[in-house]
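Enquirer:
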Amino acid sequence: MIKIAFCDDCEEDRNEILRLLGRIECLWHEEFCIFPFSGGRELCESLKTKFYDIILLDILMDDLDGVETARKIRSMGVDSRIIFISSYDERLRDLFSVGTLGFVDKPIDIEILEKAIKTAYQSILQDNERVFIYQKNKTKNFIPLKDIIYFESDKYQVAIHTTKSVIRYNESLKNIWGELKTNEEFIMPHKAYIVNLKYSSVQNSSTILVNNNLSISIGRVYKEEALQKYMEYLRRRRN
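In terms of full-length UniProt numbering, the sequence shown opens at residue 1 and continues consecutively.
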(Lines of atoms letter the chains of each structure in order from A and count residues from 1; the text may use other names and numbers.)
(Lines give C-alpha, C1' and ligand atoms only; values in the text may rest on other atoms or scores of the structure.)
Protein backbone atom coordinates (compact mmCIF):
# COMPACT_ATOMS: atom_id res chain seq x y z
CA MET A 1 0.00 0.00 0.00
CA ILE A 2 1.33 3.43 -0.97
CA LYS A 3 1.50 5.89 1.93
CA ILE A 4 0.66 9.40 0.73
CA ALA A 5 0.76 12.46 2.98
CA PHE A 6 -0.53 15.81 1.79
CA CYS A 7 -0.22 19.18 3.46
CA ASP A 8 -2.43 22.21 2.78
CA ASP A 9 -3.70 24.78 5.26
CA CYS A 10 -6.93 25.33 3.31
CA GLU A 11 -9.66 22.89 4.34
CA GLU A 12 -11.44 23.21 1.00
CA ASP A 13 -8.24 22.31 -0.88
CA ARG A 14 -7.56 19.39 1.48
CA ASN A 15 -11.01 18.00 0.76
CA GLU A 16 -10.43 18.38 -2.98
CA ILE A 17 -7.07 16.57 -2.81
CA LEU A 18 -8.67 13.79 -0.78
CA ARG A 19 -11.44 13.47 -3.38
CA LEU A 20 -8.95 13.32 -6.27
CA LEU A 21 -6.78 10.74 -4.53
CA GLY A 22 -9.91 8.64 -4.04
CA ARG A 23 -10.60 8.82 -7.78
CA ILE A 24 -7.02 7.78 -8.58
CA GLU A 25 -7.39 4.81 -6.20
CA CYS A 26 -10.41 3.70 -8.24
CA LEU A 27 -8.57 4.18 -11.55
CA TRP A 28 -5.59 2.14 -10.34
CA HIS A 29 -7.65 -0.44 -8.42
CA GLU A 30 -5.18 0.30 -5.64
CA GLU A 31 -5.80 1.37 -2.05
CA PHE A 32 -3.71 4.27 -0.74
CA CYS A 33 -3.00 4.97 2.91
CA ILE A 34 -3.70 8.73 3.04
CA PHE A 35 -2.59 11.17 5.75
CA PRO A 36 -3.87 14.79 5.56
CA PHE A 37 -2.05 17.62 7.36
CA SER A 38 -3.03 21.26 7.79
CA GLY A 39 0.47 22.65 8.39
CA GLY A 40 4.15 22.03 7.73
CA ARG A 41 5.13 21.81 11.38
CA GLU A 42 2.45 19.19 12.02
CA LEU A 43 3.74 17.14 9.08
CA CYS A 44 7.38 17.38 10.20
CA GLU A 45 6.43 16.34 13.72
CA SER A 46 4.69 13.27 12.29
CA LEU A 47 7.81 12.37 10.29
CA LYS A 48 9.69 11.78 13.54
CA THR A 49 7.83 8.50 13.92
CA LYS A 50 6.31 7.78 10.49
CA PHE A 51 7.49 7.43 6.90
CA TYR A 52 5.43 8.42 3.86
CA ASP A 53 6.30 7.24 0.37
CA ILE A 54 4.95 10.38 -1.31
CA ILE A 55 4.33 13.86 0.14
CA LEU A 56 2.17 16.47 -1.61
CA LEU A 57 3.02 19.98 -0.38
CA ASP A 58 1.15 23.21 -0.94
CA ILE A 59 3.62 26.08 -1.28
CA LEU A 60 1.54 28.93 0.14
CA MET A 61 0.91 28.08 3.79
CA ASP A 62 0.91 30.43 6.77
CA ASP A 63 2.33 28.04 9.36
CA LEU A 64 5.45 26.97 7.46
CA ASP A 65 5.40 27.38 3.70
CA GLY A 66 5.88 24.40 1.42
CA VAL A 67 9.45 25.25 0.42
CA GLU A 68 10.63 25.57 4.02
CA THR A 69 8.71 22.43 4.94
CA ALA A 70 10.47 20.53 2.13
CA ARG A 71 13.85 21.83 3.29
CA LYS A 72 13.10 20.75 6.85
CA ILE A 73 12.01 17.31 5.63
CA ARG A 74 15.30 16.87 3.76
CA SER A 75 17.29 18.12 6.76
CA MET A 76 15.65 15.35 8.81
CA GLY A 77 17.10 12.80 6.39
CA VAL A 78 13.67 11.83 5.05
CA ASP A 79 13.79 10.77 1.40
CA SER A 80 10.07 10.64 0.63
CA ARG A 81 9.12 11.71 -2.89
CA ILE A 82 7.93 15.33 -2.67
CA ILE A 83 5.52 16.96 -5.14
CA PHE A 84 4.64 20.65 -4.82
CA ILE A 85 1.07 21.78 -5.33
CA SER A 86 1.34 25.33 -6.55
CA SER A 87 -0.27 28.30 -8.24
CA TYR A 88 3.18 29.82 -8.86
CA ASP A 89 4.28 31.02 -12.27
CA GLU A 90 6.40 28.53 -14.23
CA ARG A 91 9.36 30.94 -14.20
CA LEU A 92 9.58 30.87 -10.40
CA ARG A 93 9.76 27.11 -10.04
CA ASP A 94 13.51 26.83 -10.40
CA LEU A 95 13.78 28.70 -7.09
CA PHE A 96 12.40 25.70 -5.26
CA SER A 97 15.03 23.06 -5.97
CA VAL A 98 14.91 20.98 -2.81
CA GLY A 99 14.86 17.47 -4.20
CA THR A 100 11.26 17.44 -5.41
CA LEU A 101 9.76 15.48 -8.28
CA GLY A 102 7.74 18.35 -9.72
CA PHE A 103 4.72 20.61 -9.51
CA VAL A 104 0.99 20.25 -9.84
CA ASP A 105 -0.88 23.46 -10.60
CA LYS A 106 -3.96 24.73 -8.80
CA PRO A 107 -6.76 24.23 -9.60
CA ILE A 108 -5.64 20.61 -9.68
CA ASP A 109 -6.13 18.58 -12.85
CA ILE A 110 -6.61 14.92 -11.93
CA GLU A 111 -4.64 13.69 -14.95
CA ILE A 112 -1.62 15.81 -14.00
CA LEU A 113 -1.87 14.74 -10.35
CA GLU A 114 -2.15 11.09 -11.37
CA LYS A 115 0.88 11.40 -13.65
CA ALA A 116 2.94 13.00 -10.85
CA ILE A 117 1.99 10.26 -8.37
CA LYS A 118 2.70 7.55 -10.95
CA THR A 119 6.16 9.04 -11.61
CA ALA A 120 6.85 9.12 -7.87
CA TYR A 121 5.66 5.54 -7.39
CA GLN A 122 7.72 4.27 -10.33
CA SER A 123 10.73 6.05 -8.85
CA ILE A 124 10.19 4.16 -5.58
CA LEU A 125 9.93 0.82 -7.37
CA GLN A 126 13.05 1.50 -9.46
CA ASP A 127 14.85 2.42 -6.26
CA ASN A 128 13.86 -0.80 -4.50
CA GLU A 129 17.48 -1.62 -3.63
CA ARG A 130 17.34 1.33 -1.23
CA VAL A 131 13.95 0.40 0.21
CA PHE A 132 12.90 -2.69 2.17
CA ILE A 133 9.34 -3.74 1.38
CA TYR A 134 7.36 -5.81 3.86
CA GLN A 135 3.73 -6.77 4.23
CA LYS A 136 1.84 -6.51 7.51
CA ASN A 137 -1.92 -6.93 7.96
CA LYS A 138 -2.27 -7.18 4.16
CA THR A 139 -0.65 -3.76 3.80
CA LYS A 140 2.54 -3.21 1.82
CA ASN A 141 5.02 -0.94 3.62
CA PHE A 142 8.34 0.65 2.68
CA ILE A 143 11.34 1.36 4.93
CA PRO A 144 14.51 3.07 3.66
CA LEU A 145 17.33 0.52 4.07
CA LYS A 146 19.56 3.24 5.52
CA ASP A 147 17.16 3.50 8.49
CA ILE A 148 17.29 -0.21 9.36
CA ILE A 149 19.81 -1.07 12.11
CA TYR A 150 19.17 -4.81 12.23
CA PHE A 151 16.63 -7.60 11.79
CA GLU A 152 16.04 -10.02 14.64
CA SER A 153 14.28 -13.39 14.58
CA ASP A 154 11.68 -13.49 17.34
CA LYS A 155 9.91 -16.88 17.43
CA TYR A 156 7.50 -16.84 14.47
CA GLN A 157 8.06 -13.16 13.79
CA VAL A 158 10.82 -10.84 12.67
CA ALA A 159 11.58 -7.61 14.51
CA ILE A 160 12.93 -4.78 12.34
CA HIS A 161 14.92 -2.40 14.53
CA THR A 162 15.06 0.98 12.81
CA THR A 163 16.38 4.38 13.84
CA LYS A 164 12.82 5.35 14.79
CA SER A 165 10.98 2.27 16.01
CA VAL A 166 10.74 -1.52 16.18
CA ILE A 167 8.38 -3.20 13.72
CA ARG A 168 7.24 -6.79 14.21
CA TYR A 169 5.52 -8.89 11.58
CA ASN A 170 5.16 -12.51 10.50
CA GLU A 171 8.09 -13.54 8.33
CA SER A 172 11.17 -15.74 8.43
CA LEU A 173 14.66 -14.31 8.66
CA LYS A 174 15.70 -16.79 5.98
CA ASN A 175 13.33 -15.18 3.46
CA ILE A 176 14.58 -11.70 4.32
CA TRP A 177 18.18 -12.78 3.91
CA GLY A 178 17.25 -14.13 0.48
CA GLU A 179 16.30 -10.55 -0.47
CA LEU A 180 19.27 -8.82 1.18
CA LYS A 181 22.11 -11.28 0.60
CA THR A 182 23.41 -9.38 -2.43
CA ASN A 183 23.21 -6.01 -0.66
CA GLU A 184 26.73 -4.82 0.17
CA GLU A 185 25.74 -3.22 3.48
CA PHE A 186 23.98 -6.14 5.17
CA ILE A 187 25.47 -9.30 6.67
CA MET A 188 24.03 -12.29 8.52
CA PRO A 189 26.47 -13.05 11.36
CA HIS A 190 24.10 -15.35 13.26
CA LYS A 191 20.98 -17.38 12.48
CA ALA A 192 18.89 -14.91 14.48
CA TYR A 193 20.26 -11.62 13.10
CA ILE A 194 20.80 -9.62 9.92
CA VAL A 195 22.69 -6.39 10.59
CA ASN A 196 23.37 -3.17 8.71
CA LEU A 197 27.14 -2.59 8.58
CA LYS A 198 26.52 1.15 8.71
CA TYR A 199 25.64 0.68 12.40
CA SER A 200 28.02 -2.20 13.18
CA SER A 201 31.66 -2.91 13.93
CA VAL A 202 33.45 -6.24 14.22
CA GLN A 203 35.20 -6.42 17.60
CA ASN A 204 37.10 -9.62 16.83
CA SER A 205 36.67 -12.74 14.70
CA SER A 206 33.81 -13.96 16.87
CA THR A 207 31.87 -10.84 17.93
CA ILE A 208 30.12 -7.95 16.21
CA LEU A 209 28.83 -4.86 18.02
CA VAL A 210 25.62 -3.32 16.66
CA ASN A 211 24.53 0.24 17.43
CA ASN A 212 27.07 0.35 20.29
CA ASN A 213 24.80 -1.69 22.56
CA LEU A 214 24.12 -5.13 21.09
CA SER A 215 26.90 -7.72 21.05
CA ILE A 216 26.29 -10.62 18.66
CA SER A 217 28.35 -13.80 18.53
CA ILE A 218 29.32 -14.60 14.94
CA GLY A 219 28.15 -18.12 14.18
CA ARG A 220 30.62 -20.63 12.82
CA VAL A 221 28.49 -21.32 9.74
CA TYR A 222 28.20 -17.60 8.95
CA LYS A 223 31.71 -16.43 9.90
CA GLU A 224 33.55 -16.64 6.56
CA GLU A 225 30.93 -14.82 4.49
CA ALA A 226 30.14 -12.25 7.20
CA LEU A 227 33.77 -11.28 7.81
CA GLN A 228 34.53 -11.16 4.09
CA LYS A 229 31.62 -8.78 3.43
CA TYR A 230 32.68 -6.66 6.41
CA MET A 231 36.25 -6.30 5.08
CA GLU A 232 34.94 -5.41 1.61
CA TYR A 233 32.66 -2.81 3.20
CA LEU A 234 35.62 -1.23 5.02
CA ARG A 235 37.68 -1.13 1.81
CA ARG A 236 34.89 0.66 -0.05
CA ARG A 237 34.62 3.25 2.71
CA ARG A 238 38.34 3.98 2.57
CA ASN A 239 38.33 4.49 -1.21
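Note that CB positions come from ideal geometry on N, CA and C, so glycine has one too.
(1) Pairs of beta-carbons, one from the region 218–233 and one from the region 181–190, closer than 8 Å: are there three or more?
(2) I'd like to confirm the pairing. Which residues does DSSP put opposite residue 207 in its beta bridges?
(3) Tell me, please, which residues DSSP counts as bridged to residue 159.
(4) Are the beta-carbon atoms of residue 199 and residue 152 separated by less than 7 Å?
(5) If you follow the beta strand (DSSP E) that residue 57 is part of, which residue opens it and which one closes it?
(6) For residue 231, which residues in the same chain have their Cβ closer than 6 Å to its Cβ, ignoring the five residues on either side in sequence?
(7) Can you tell me whether DSSP reads residue 75 as helix, strand or coil?
(8) Could you check the C-alpha separation between residue 113 and residue 60 for me, to the nearest Å?
(9) Could you give the distance in angstroms between the alpha-carbon of residue 213 and the alpha-carbon of residue 149?
(10) State the beta-bridge partners of residue 144 as determined by DSSP.
(11) Rounded to whole angstroms, what is the Cα-Cα separation between residue 72 and residue 134?
(12) For residue 197, count the other beta carbons within 10 Å of its own beta carbon; 16 or more makes it buried, fewer makes it exposed. Which is it?
(13) Taking Cβ to Cβ, would you say residue 144 is nearer than 7 Å to residue 79?
(14) Determine the burial state of residue 158: buried for a count of at least 16 other Cβ atoms within 10 Å of its Cβ, exposed for fewer.
(15) Classify residue 29 as buried or exposed, calling it buried when 16 or more other Cβ atoms lie within 10 Å of its own Cβ.
(16) Would you check if the distance between the CB atom of residue 51 and the CB atom of residue 66 is smaller than 7 Å?
(17) Does the distance from the CB of residue 41 to the CB of residue 58 come in under 7 Å?
(18) Check whether the Cβ atoms of residue 53 and residue 3 lie closer than 7 Å to each other.
(19) From residue 19 to residue 104, what distance separates their C-alpha atoms?
(20) Are the Cβ atoms of residue 206 and residue 218 separated by less than 7 Å?
(21) Ends of the alpha helix (DSSP H) at residue 61?
Expert: If we stick to the structure as given:
(1) yes
(2) 204 and 217
(3) 152 and 168
(4) no
(5) 54–58
(6) none
(7) helix
(8) 18 Å
(9) 12 Å
(10) 131
(11) 27 Å
(12) buried
(13) yes
(14) buried
(15) exposed
(16) no
(17) no
(18) yes
(19) 16 Å
(20) yes
(21) From DSSP, residue 61 is part of no alpha helix (DSSP H); its letter is neither H nor E.
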